[in-house]
Structure formats: C-alpha cells, structure tokens
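To keep things clear, I will list the structure first and then write my remarks on it.
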Amino acid sequence: MWLYIGKRLLATVPILLGLSVIVFAMMAAIPGDPATAILGSYATPENVERLNRQLGLDRSLVEQYLTWLGNLLQGDMGRSYALNRPVADEVFERFGATLVLAGASLLLCSLFGLLAGVIAAVGQFGWRDRIVTFLVLIGISTPSFWLGLLLIMLFAVELQWLPASGMFAIYGGGGPLDLLAHLALPAITLAVVATAVIARLTRTAMLEVLRQDYVRTARAKGVSERRVIYRHAFKSALVAVIPVIGIQTGFVLGGAVYIETVFQWPGIGRMLVNAISTRDLLLVQGGVLVVAASYVFFNLLADVAQTLVDPRLR
Amino acid sequence: MFSLIRRMLVVAAAFGAFGATAAAQTPPGVLIVAQIAEPKSLDPHAVTAVNDFRILMNVYDGLVRYKPGSLEVEPALAESWTVSDDGTVYTFTLRDGVTFHDGSALDAEAVKFNFDRMLDESHPFHDTGPFPLSFFFGSVDSVEAPDPKTVVFRLKEPYAPFLSNLAYPTGLIVSPAAVEEHGEDFGRNPSGTGPFKFVEWESNAKVVVEANPDYWGGAPDLKAVVFRPITDANTRVAEMLSGGIDVMVEVPPDNLSTFADDASYTVFEQAGPHLWFLILNAKEGPMADRKVRQAVNYAIDKKALVENVLQGTAAIAAGPTPPAFAWAYNEALEPYPHDPEKAKALLKEAGAEGASLTFYVTEGGSGMLDPIAMGSAIQADLAEVGLDVTIETYEWNTFLGKVNPGLEGKADMAEMAWMTNDPDTLPYLALRTDAFPDKGGFNSGYYSNPEVDTLLEDARKATDQAERARLYKEMQEIVHEDAPWAFIANWKQNAVTSTRVEGFELQPSFFLLLDGVTKN
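Protein chains in written order, with full-length UniProt numbering: chain A, 1 to 314; chain B, 1 to 520.
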C-alpha cells in the first residue's frame with residue numbers, strides 16, 4: 001500500500017514539470033505582456049521595453065524558465081509583479097481559503113448526495129424518488145453564480161441573517177463562528193451541482209446493487225431491511241461512488257472560481273483569473289502547480305479510500 | 001418577488017437560529033469603502049490604477065495638489081514655488097515641521113530621494129521598483145537640495161505639465177526611512193505624510209488606515225478607513241444594500257436608480273478627465289478621407305449611447321479635450337449632431353458609400369465603460385448610413401497589443417479611452433505626427449496636421465496658463481474639424497454613500513479624498 005502511494009506520488013513529478021513547461025509556453029504565446037498590462041494606455045514601446053528590463057522579462061524564455069525552475073528547487077516561487085509580493089505567500093494563503101470552501105462544500109455534497117441517492121433508490125418510483133429526481137434535475141441545471149446571487153439577495157440583503165461576502169467580518173471579525181457565517185452561503189452554492197451529481201450516481205449504483213443475488217439472499221435470510229440497505233447494498237455501492245466524489249473534488253475546486261468571485265472569497269480560483277488577465281506569469285505558474293498537485297493528491301486519496309472499502313482492489 | 005419570499009420566510013424566521021441581528025452594521029467613525037479590485041501596492045511610484053490611487057491619496061501628500069473640485073494645482077507639501085523664465089528650473093519651498101508617519105522629517109533631501117529613486121538607475125533603491133509611470137518625470141534632469149527647505153528641479157527642456165504631474169499620485173512623497181527599512185516590501189509597509197496612517201493590509205480582504213492626529217492640514221474627523229476589494233459589481237451592490245459598506249465607487253448604471261430612489265443613500269456624480277473615442281485609420285482605406293471621418297461622427301447617435309447604453313453615466317464628448325480641464329476647454333465646441341442624412345451626403349461626396357470597415361472592439365478595460373454594447377450600437381448606427389462594419393472583439397491586453405502598434409493593414413477603427421491629469425497628455429501622445437506608433441507614441445490612426453503639432457509643442461513650452469489655454473483651445477477646434485477620432489463620451493464617475501456619511505465629495509481627478517468626511 002505505502003509502496004503504491006509512494007509510486008503514485010513520484011509519478012506526479014514529471015506531470016507537474018511538464019505542466020509548468022506548458023503553462024510557461026502558453027503564457028508566452030497569448031498576446032499581451034505584463035508590461036502592457038501594467039502600463040495600460042501608457043504602454044509605448046519605449047515604456048514597455050524599460051519596464052520589461054526592470055522586471056527581468058527581456059531575457060530569453062528558456063533562460064527565464066530555467067531561472068524559475070532553479071529558484072523553485074530552492075523553495076522560492078518568485079515574486080508576483082502585479083501584487084509586489086512573494087508568489088508563495090500569496091498562493092498558499094489563497095489556497096488555504098479555497099480548501100476551507102471546497103472542503104465544506106465537499107462535506108455537504110457527499111453527505112446530502114449519498115443520503116438523497118439512497119433514499120431515492122430505496123423507494124424507486126415512489127414519491128421520495130420523484131422528489132429527489134426532480135430536485136437533482138434542478139440542482140444540475142442551476143447556474144451556480146446565479147444561485148449565489150439569489151442567496152445573497154435573500155439571506156444578506158432581504159433577511160440580513162448572513163454576511164454577503166468575504167471570509168471574515170471586516171471590522172472586529174475573526175473566530176470560527178464568524179468564519180461559519182461567511183462560509184454558509186458560498187459552501188451551499190458550490191455544493192448544489194455536485195450534490196445532484198452524487199445523488200444521481202448513488203441512486204443508480206444502489207439500484208444496481210439492490211438487484212444483485214446476494215441482496216436477495218440476505219433478505220431471504222431474514223436480515224432486516226435497514227441492515228440490507230446500509231450494510232450490504234450501500235457499502236458496495238460506495239465503491240462505485242467514491243471515484244465520482246474524487247472527480248467532484250476537482251469539479252468543486254474548479255467551480256470555486258465563480259463562487260469565489262460572487263462571494264469575494266479570497267481563494268485561489270479568483271487569484272488565478274486575475275493573474276492571467278494581468279499576465280502575471282510567476283503567479284499563474286505557482287497557482288497552477290499548487291492546484292494541479294492538489295488534484296493529483298485528491299484523486300490518490302479517492303483511490304486509497306476505494307481500496308480500503310473494496311478488499312478486491314487490494 | 002422578494003416581498004413574497006419574505007412572507008414565506010416569516011415562518012422560517014421564527015425558527016431562525018441567527019435571528020435578525022447578524023445584519024452588518026458598520027461602527028461610527030469608521031468608514032468602509034468598497035474598492036473594485038485588490039490594490040497592487042501602496043507604493044505610489046509603483047502603481048498605475050485609479051483603484052490604488054484612491055487609497056494612496058489619503059496616505060501621502062505631494063509637493064502640490066489639485067484644488068478641490070478642479071484640476072488646477074495649489075500648494076501642498078511645498079508652501080510656494082517659482083519657475084524660471086525659460087521654464088526649466090522649478091524651485092519649491094517646503095512646509096515647516098512636517099513629519100512622515102514613521103517619525104522621520106520631510107526635508108529637501110527626502111524629496112530628492114523620491115525622484116532619484118524613480119529616475120536614477122544607479123540609485124541604491126532603484127531596484128525597489130519597477131516604476132511604470134516614472135516617465136511622467138522624464139523631463140527632469142536633476143533634483144537638488146541646497147538647504148533643508150528648498151528643492152530645485154532642473155528640467156531638460158520646458159515642460160508645462162510638470163506641476164500637474166507632481167499633483168498626480170506618481171508625484172506623492174514617500175518616506176525614505178521606510179523605503180530603506182523595507183526595501184522592495186515598502187509597498188506593503190507604506191509611510192507618507194497624509195491625513196491617514198497605514199495600519200494593516202490583509203490580502204484580498206482589507207486595507208486599514210487610521211487618522212493621523214498630527215496631520216499638517218488638521219487631523220481628520222474619521223477614526224479609520226477600511227478599503228475592501230469587492231471585484232464583482234453585483235456583490236458590491238449587495239454589500240451596500242445589506243449595510244456592509246458605507247461608500248461604493250463605480251456603481252453599475254443598472255443599479256444607480258435603485259440607490260437614487262432610496263432615501264437612505266446619497267448618489268454622487270462627477271465628470272472627469274476621461275474621453276471615450278474611436279481611433280479612425282487616417283492612413284489608408286475610406287477613413288483617409290476627412291469627409292468619411294466626419295460622416296462617422298455625424299452618423300453615431302451619441303445621445304442614445306450615453307442615455308441608453310451607458311444609462312446617463314457619461315456625457316456627450318465634443319472634442320479631444322474633456323470639459324473637466326475647465327481652464328483649457330474650448331466652450332465654443334459643439335458635439336457633432338446626430339445627422340444620418342448629412343453623413344450619407346458626405347459619404348457620397350467622398351465616394352465611400354457602402355464601404356466595408358473593420359472595427360476593433362474590446363471586452364473591457366480601464367475606462368472602457370461598456371465596450372461591447374457600445375461597439376454594437378455604433379455598428380448599427382453606421383449600418384444605417386450604409387457602412388458595412390465588421391466587429392472584431394479582443395480581450396483587453398490582446399486588444400492593446402493590436403491597437404497600440406497602429407491600425408495600418410488591420411483595421412479602420414478601434415475603440416479607445418483615456419483618463420489623464422493634464423490637457424497635454426492625450427493629444428501630445430496620440431495626435432502628433434511625432435507620436436506615430438513607430439516613433440513610440442499612441443497615434444494609432446496616423447493623424448497628421450503640422451498646425452496641431454506646432455500648437456501642442458508650443459503649449460508644452462508655455463509657462464503661462466492663459467497662453468497654454470489659448471493654444472489648447474485652438475488645437476481642439478482644428479482636431480474637431482479634422483475628425484481623426486469619433487468623439488463619443490466623457491465618463492461621469494459615480495459613487496453611493498449611506499446617509500450616515502457626510503462631507504463626501506467626488507473630485508474631477510477621480511481621486512477619493514476622505515479627510516473631510518464624517519460618519520455617525
């Protein structure tokens with residue numbers, strides 16, 4: 001097991017390295033450069049050249065990449081020229097915020113997705129199933145940024161129960177309760193689509209398992225229905241659902257971009273969008289690397305969890 | 001719709017664990033200002049965006065500043081100044097007893113340090129940049145500090161916009177002691193002489209400044225100001241409605257009426273030194289004919305653009321100089337009226353009926369207002385007079401990369417907007433023959449008129465404001481007639497405050513000055 005994890009982790013090194021080359025090349029290929037972005041309407045060729053020299057962007061691409069790589073190996077991710085601060089400070093600060101948001105919504109979507117899926121499967125074609133199927137359809141088709149705005153209008157503007165945006169209160173805030181109040185709306189918004197997807201897949205997986213012979217056998221043996229569902233059926237349906245949750249993790253991290261913008265959550269998705277539009281190469285590099293590494297890590301985590309649940313995979 | 005939901009939720013509210021007390025109520029004396037983006041740096045010499053200037057103008061002072069409500073300069077850290085007859089030597093006398101927030105003294109050496117850091121590549125702290133707008137002071141040859149109270153600037157050549165450039169954020173004076181202490185992190189540990197002192201900067205959450213009790217202009221009434229970056233306009237509006245912020249700038253046109261109709265908010269508007277225009281390619285194609293360029297000006301319904309697309313957040317522009325530069329603005333200039341028949345007649349005269357044109361439009365960008373909607377409306381107006389316009393849309397930085405090197409061989413027209421601090425800047429950089437893109441300027445439409453060239457050069461050398469004004473007014477008349485651009489709109493900056501805020505005013509400079517504001 002540990003050998004397997006070690007191998008998988010080792011395999012990510014070339015992936016990340018390749019990714020960094022691609023990101024570097026793409027940032028160089030798209031039109032516009034940081035100096036033009038900084039100078040805006042003042043970007044005369046003369047000013048651009050002067051600024052590029054000050055930013056060290058007048059060197060060849062290969063030279064720039066190797067410098068970056070060399071610094072990275074020493075733990076230095078460089079300095080963001082749009083934000084005038086070290087890339088590592090910015091990236092890890094923002095990634096932490098994204099993890100809090102993504103973690104909370106992953107918790108919500110796993111919990112409610114699995115629950116709804118099981119309820120629907122158990123009462124197939126009954127009223128519970130119909131309600132769940134209907135809600136799932138709505139959940140999957142609701143644009144999350146729009147839902148976010150509606151929730152803000154309702155809970156922050158009309159009812160004034162929850163803050164509209166941010167991660168902590170702007171004055172005299174802080175503490176877990178403050179965080180929870182700020183987290184509620186974005187985490188729910190972000191969880192909606194993923195919940196629907198998980199519910200739908202759990203339902204299908206459960207239905208398949210419930211038709212299996214061993215379930216019939218268990219029922220015939222007189223095992224209680226509750227035990228049949230949770231002990232026999234659910235556990236084996238989980239094997240099929242776990243990788244989906246792993247994929248949803250990627251989705252939740254990606255979907256965080258919209259949600260972070262709507263709720264002004266200081267996460268890494270919003271940071272990356274800004275960094276790309278200001279052509280902040282090193283910040284994009286650092287951000288993409290961290291996000292990519294976390295994707296790999298979460299997928300690995302899902303695989304390991306699957307192995308733990310399903311002895312056949314060991 | 002919301003009242004219905006509200007009724008439905010009365011029941012839910014009874015069970016609500018939160019109660020109605022979570023409403024964000026901001027404390028008295030502390031002003032919460034919503035910004036449109038995270039600041040880049042609090043080093044005034046390292047930034048270019050109005051969003052950053054809004055903070056900086058409250059933390060730092062310059063040698064001079066704009067008089068309230070105008071774009072004319074008045075003394076600030078300098079009590080007085082003299083200009084030599086040839087316009088190349090500026091001698092400033094500094095105010096007595098001013099100290100930076102870190103306790104160090106403001107003296108002539110400190111001022112010299114500021115400009116040397118920006119301009120002298122061998123200065124020990126030049127590497128704390130980069131300083132993108134240092135070319136504002138490109139005309140400075142040397143800065144001298146003969147005694148602690150006197151600073152002398154020697155210019156390479158006469159350069160009349162020098163004083164108004166000193167009033168710009170790039171001319172704000174930073175504490176040399178703080179730069180020496182923090183190096184390239186000075187932008188996160190700023191120290192100036194302004195009415196507010198920097199307290200903390202929490203990335204992507206807030207910048208907090210507090211009152212400077214020793215401010216030379218008198219301590220401000222506010223205890224503190226918190227600047228919050230909220231990039232999404234809808235979220236900004238929601239925060240304003242839920243009471244989470246006290247001041248918001250750049251209100252989306254769609255939401256202005258909501259606030260205007262509500263007695264608990266005050267709406268402010270102020271036209272600024274901004275011009276939204278179309279660059280017309282005067283070098284080749286149909287636009288090389290002045291009649292076609294004039295026809296385009298006649299064909300565009302600017303009133304509809306300003307009232308319907310921009311919903312009253314801009315005024316119709318008459319010429320190349322925004323009216324906010326009151327002293328240099330030619331009042332006699334009338335905007336081209338919307339006259340499709342006249343446009344058709346001119347096109348016929350020029351033999352350009354039914355011409356096909358390529359039009360560069362951007363998705364967004366500094367000062368571009370609502371560029372896609374405006375581009376489409378303009379396309380429709382031009383179709384009405386028989387011009388077949390094809391729009392090509394680009395993301396802002398890509399767009400600049402296409403437009404700034406010149407339109408030749410690519411397009412006949414392009415959207416553009418500028419916000420400047422001196423009537424010299426825009427025409428000098430974008431209308432002279434010597435400002436063609438291959439000469440390092442922004443004249444992307446290749447307009448060339450020797451008369452205009454001379455007027456602009458002379459205005460730069462004139463040290464008398466009345467004489468400068470006369471030259472600019474003459475220039476505006478010629479440019480209006482030559483129509484190298486289609487003059488569309490001057491943006492009105494807007495802001496909304498809650499009624500708890502008093503003494504708030506917008507400035508034509510687009511800066512946000514908060515030392516006279518109170519909040520209860």
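Where a beta carbon is used, it is the ideal one built from N, C-alpha and C, also for glycine. Computed from a prediction, not measured in an experiment: that's the story for all the values here.
> Does the beta carbon of residue 42 (chain A) sit closer than 8 Å to a beta carbon anywhere in chain B?
Replying inline: yes
**Prompt:** According to the neighbour-count rule (16 or more other Cβ atoms, all chains shown, within 10 Å of its Cβ), is residue 259 (chain B) buried or exposed?
**Reply:** buried
Between residue 102 (chain B) and residue 177 (chain B), which are expected to be in contact by the criterion C-beta below 8 Å, what is the C-beta distance as a whole number of angstroms?
Taking 8 Å as the upper bound for CB-CB distance, residue 102 (chain B) and residue 177 (chain B) are in contact here, some 6 Å apart.
Starting from residue 494 (chain B), trace the beta strand (DSSP E) both ways and give me its first and last residue.
485-498
- Query: At which residues does the beta strand (DSSP E) containing residue 142 (chain B) begin and terminate?
  - Reply: 140-147
Round the Cβ separation of residue 521 (chain B) and residue 390 (chain B) to the nearest angstrom and send it over; I've been treating them as touching at under 8 Å.
-> For chain B, the structure presents residues 1 to 520; residue 521 (chain B) sits outside this window and is missing.
| said: For residue 144 (chain A) and residue 254 (chain A), which I take to be in contact (beta-carbon distance under 8 Å), what is that distance rounded to the nearest angstrom? | reply: The Cβ separation is near 11 Å, so there is no contact.
- Taking residue 77 (chain A) and residue 282 (chain A) to be in contact with their CB atoms under 8 Å, please state how far apart those CB atoms are, rounded to whole angstroms. 7 Å
Short-range partners of chain B found in the stretch 47-59 of chain A, where Cβ spacing is below 7 Å: 47, 51, 54 and 55
| said: Given this structure, state the Cα-to-Cα distance separating residue 352 (chain A) from residue 292 (chain A), to the nearest angstrom. | reply: One cannot answer for residue 352 (chain A) here, as it falls past the ends of chain A, which runs 1 to 314.
Exercise. Counting along the chain, where does the beta strand (DSSP E) carrying residue 106 (chain A) start and finish?
Worked result: Element bounds for residue 106 (chain A): not the beta strand (DSSP E) but the alpha helix (DSSP H), 87-122.
Notebook entry, point to check: Is DSSP giving residue 385 (chain B) helix, strand or coil here?
Noted result: coil
### Query
Is the shortest distance between the beta-carbon of residue 10 (chain A) and the beta-carbons of chain B less than 8 Å?
no
Problem set entry | Close Cβ partners of residue 258 (chain A) (< 7 Å) along its chain, the five nearest in sequence each way excluded | 144 and 145
Reduced DSSP category for residue 95 (chain B) - H, G, I as helix; E, B as strand; rest coil | coil
Practice problem: Can you pull the chain A residues whose beta carbon is under 7 Å from the beta carbon of residue 401 (chain B), in chain order? | Solution: Per Cβ cutoff of 7 Å: 31, 32 and 36.
* In chain A, what lies closer than 7 Å to residue 130 (chain B) by C-beta? -> 51, 54 and 55
- prompt: When Cβ atoms are compared, which residues of the stretch 29-56 of chain B fall closer than 7 Å to chain A?
  reply: Taking 7 Å as the cut-off between beta carbons, the residues of the stretch 29-56 of chain B near chain A are 30, 32, 40, 41, 46 and 48, in sequence order.
| So with Cβ pairs under 8 Å, would you call residue 334 (chain B) a contact of chain A? | no
Quiz item: Got a sec: is the Cβ-Cβ distance from residue 165 (chain A) to anything in chain B below 8 Å?
Solution: Output row for residue 165 (chain A): interface = yes.
Starting from the beta carbon of residue 196 (chain A), find every residue of chain B whose beta carbon is closer than 8 Å, and list them in chain order. Neighbours of residue 196 (chain A) on chain B: none; closest Cβ ~22 Å, over 8 Å.
- Looking at C-alpha atoms only, which residue of B:271, B:155, B:331 and B:420 is the closest neighbour of residue 315 (chain B)? B:271
Check the Cβ of residue 83 (chain A) against every Cβ in chain B and list those closer than 7 Å, keeping chain order. 40
message = So residue 226 (chain B) contacts chain A; which residues on that side make the cut at Cβ distance below 9 Å?
response = 170 and 171
*asked:* Against chain B, which members of the stretch 141-158 of chain A pass a CB distance test of less than 8 Å?
replied: 149, 152, 153, 154, 156, 157 and 158
| field | Where the beta strand (DSSP E) through residue 416 (chain B) begins and ends | value | 413-419
Next on the checklist: Between B:28, B:31 and B:55, which has its C-alpha nearest residue 510 (chain B)'s C-alpha?
Outcome noted: B:55
Below 8 Å on the Cβ atoms is my contact criterion, and I expect residue 250 (chain A) with residue 297 (chain A) to pass it. Report the Cβ-Cβ distance as a whole number of Å.
Contact flag wrong, Cβ pair sits at about 11 Å.
For residue 274 (chain B) versus residue 490 (chain B), is the C-beta spacing smaller than 8 Å? The answer is yes: Cβ separation under 8 Å.
Handout entry: Cβ contact (3+ pairs, closer than 8 Å) linking the stretch 197-204 of chain B and the stretch 155-167 of chain B
Key = no
Exposed or buried, which one is residue 284 (chain B) when buried takes at least 16 other CB atoms within 10 Å?
Exposed is the call here.
Practice prompt. Pull up the distance between the alpha-carbon of residue 111 (chain A) and that of residue 295 (chain A), whole angstroms please.
Written response: Between residue 111 (chain A) and residue 295 (chain A), the C-alpha separation is close to 21 Å.
inquiry  = Less than 8 Å between CB atoms is the rule here; does residue 235 (chain B) satisfy it with respect to chain A?
reply    = yes
Handout entry: Delimiting residues of the alpha helix (DSSP H) encompassing residue 316 (chain B)
Key = First-last for residue 316 (chain B): 314-316, but that is the beta strand (DSSP E), not the alpha helix (DSSP H).
Give me the Cα-Cα distance between residue 61 (chain A) and residue 457 (chain B), rounded to the nearest whole angstrom. 41 Å
Which residue marks the beginning of the alpha helix (DSSP H) containing residue 307 (chain A), and which one marks its end?
281-309
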